[in-house]
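Structure, as structure tokens:
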Amino acid sequence: MPTSFIFKKSATKTPPAHAIVAPVRGRMVAKWTTRRGVLFSKPVHKAPDGSWRYRWSSTTWWMQLVLPGGGIKVEDTGCSDRSNASAALTIRRQQLEAEHVNPALAAARQNQQLLGRDLATLLDDFVSSGIKSSPDSKYRSTTRQYVHGCFASCGWAKFTDVDEAKFSRWHEDLERTGKSQATLRQAVGAVKRFTAWVARRARTDDPLKWIDGVSRVAPQTPRRRITVGELALLRAAAEASQLAYRRARGAHATAITSEQMNRERSLIYRVLFETGLRTSQLRRIRRADLTVSNGNATLHIKNPPGKKRHKWGQIAVSGSLAQEIHAHLSAFTGAPEDPMFRWWPNMLRRLRDDLERAGIQPRNARGIICLHSFRHSANAALEDLQAASTIRQRHLGHASAVLAQTTYAPNREVEEVRPYVERLSELVDIASAKRDQGAVDSP
243 MPTSFIFKKS
253 ATKTPPAHAI
263 VAPVRGRMVA
273 KWTTRRGVLF
283 SKPVHKAPDG
293 SWRYRWSSTT
303 WWMQLVLPGG
313 GIKVEDTGCS
323 DRSNASAALT
333 IRRQQLEAEH
343 VNPALAAARQ
353 NQQLLGRDLA
363 TLLDDFVSSG
373 IKSSPDSKYR
383 STTRQYVHGC
393 FASCGWAKFT
403 DVDEAKFSRW
413 HEDLERTGKS
423 QATLRQAVGA
433 VKRFTAWVAR
443 RARTDDPLKW
453 IDGVSRVAPQ
463 TPRRRITVGE
473 LALLRAAAEA
483 SQLAYRRARG
493 AHATAITSEQ
503 MNRERSLIYR
513 VLFETGLRTS
523 QLRRIRRADL
533 TVSNGNATLH
543 IKNPPGKKRH
553 KWGQIAVSGS
563 LAQEIHAHLS
573 AFTGAPEDPM
583 FRWWPNMLRR
593 LRDDLERAGI
603 QPRNARGIIC
613 LHSFRHSANA
623 ALEDLQAAST
633 IRQRHLGHAS
643 AVLAQTTYAP
653 NREVEEVRPY
663 VERLSELVDI
673 ASAKRDQGAV
683 DSP
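Positions in the sequence shown are counted from 1; adding 242 to them yields the working numbering.
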């Protein structure tokens, strides 16, 4: 029958490749230095396969335990002294016998072991196995960053140190630093998910259970519309920019001058204003997505992924805008599946620089101007042209007249929208002509 005893683990290992094997006092010895500068010297012997091997043994004693209900369990005593390891074996056998009689004792012991672990180790387990909703590595790294920052600020080392008052002060400190509502919501949510996960595993109460998360309905600065005159000034500022651009890398690397890039950015502003596309949709447009049939231009767009969204859609494009896009595409060569716009980084920063050069305030009492403001401006411009709500929603790709919906109409009635798009394009051309003549007033 198997018995309980203590032992030391041993095995044979191969020295590293840079080890030097030489005879020392009648036996072969391998010597090598680790990366930390530690010198090792081990007696070696020839294995049947011809390699040198040395015997390794653990520094601590291990114990083999015969479970009362049957079976064998091997654990580390954590003791390097033989007498202490024997005492640990006796105590562990008594614990197993008591837990066999009363299973609740085993659960309590496991809970105490879990709560006694440091929070850094628990955080590693949470990030590696506790987060099952998202396999995204960036989501995992940001979760680790938020939770670790909370630990360091509150001075927590173990789960029993988690305090509601310290957590509230940490939350207030984040608010005073000017963090956005989205950042606050992510940070508070990450810490609350971690404490709830540990509490479930340890079968104990969550100390942050009654802490409210950051509301998603947070006050936001509204986005204001861009007028046709402001668009003309913005495009002129973009074309006259003297910014230097880094050459692209990767599959779509092409030599491009600053003047070409400025014209492309100016065209992007017009496309966003007349089509009302989201920036995520604009990134997906390819060179072959613009088609002309019977003199009418149509842009085939690929919507962002989403379970309520249709994959493909069509949008009417005015003849003037189609000509400008064709001139842009003819300026550089590319395959049909290449992006229509090379979409260089820091586009939002470029927009702010162009607004400053054009003399347009990016933020005022009416709201702020960002890339998504062009979509709001397209809706407002069509409304000024007396376009019905159904016409506007078809052009913007919404399934209902409420322009905040996230579902898309399966088929857009492109021809019903086209007259309004042509009239809007005429207004843009008129404003551009006035801009060239210097007749556009500064805002």
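All C-beta atoms, glycine included, are put in the ideal place defined by N, C-alpha and C.
Computed from a prediction, not measured in an experiment: that's the story for all the values here.
Item	Value
For the alpha helix (DSSP H) that T425 lies in, which residues bound it at each end?	423-444
Just checking my contact of R297 with S246 at CB under 8 angstroms: how many whole Å lie between their CB atoms?	R297 to S246, Cβ: 25 angstroms. No contact.
Would you kindly report the start and end of the unbroken alpha helix (DSSP H) that includes N326?	324-343
Report the three-state DSSP secondary structure of L309 (helix, strand or coil).	coil
Ordered along the chain, which non-local residues of its own chain (more than five positions away) have a Cβ less than 6 angstroms from that of K284?	A272, Y296
When the Cα atoms are used, what is the spatial distance from P604 to D595?	10 angstroms
Could you pull out every residue in the same chain whose Cβ sits closer than 8 angstroms to the Cβ of Y662, ignoring the five residues on either side in sequence?	L624, L627, A629, I633, H637
Output yes if chain B places a C-beta closer than 7 angstroms to the C-beta of V286; else output no.	Absent from the structure: chain B. Only one protein chain is present.
Which residues share a DSSP beta bridge with E317?	M305
Report buried or exposed for G397, applying the criterion of at least 16 other Cβ atoms within 10 angstroms of its Cβ.	exposed
By the DSSP assignment, the beta strand (DSSP E) with M270 in it spans what residues?	269-275
Does DSSP put N504 in a helix, a strand or coil?	helix
So, helix, strand or coil for N621, using DSSP?	helix
Can you tell me whether S370 is buried or exposed? The criterion is at least 16 other CB atoms within 10 Å of its CB, across all chains shown.	exposed
Can you give me the C-alpha to C-alpha distance between E687 and L509, rounded to a whole angstrom?	No information on residue 687 is available, as it lies outside the stretch 243 to 685 that the chain covers here.
Do A564 and A539 count as a contact pair if the criterion is CB distance below 7 angstroms?	yes
So E481 and L450 are in contact, right, with Cβ under 8 angstroms, and what is the actual spacing, rounded?	E481 to L450, Cβ: 54 angstroms. No contact.
Give me the Cα-Cα distance between D678 and L597, rounded to the nearest whole angstrom.	18 angstroms
At which residues does the beta strand (DSSP E) containing W298 begin and terminate?	294-299
Can you tell me the Cα-Cα spacing of P258 and G279, whole angstroms?	14 angstroms
Return the CA-CA distance between S642 and R512, expressed in angstroms with no decimal places.	Unreliable placement is indicated for S642, whose pLDDT of 44 sits below 50; the coordinate value is still reported in the next sentence. Those two C-alpha atoms are separated by around 25 angstroms.
Short check: CB of A673 to CB of A474, under 7 angstroms?	yes
Express the C-alpha separation of E664 and R466 in angstroms, rounding to a whole number.	23 angstroms
Can you give me the start and stop residues for the beta strand (DSSP E) that A264 sits inside?	262-266
Run through the DSSP bridge pairs and tell me what N606 is partnered with.	G609
At what residues does the beta strand (DSSP E) containing L532 begin and finish?	532-535
Counting along the chain, where does the alpha helix (DSSP H) carrying P661 start and finish?	656-679
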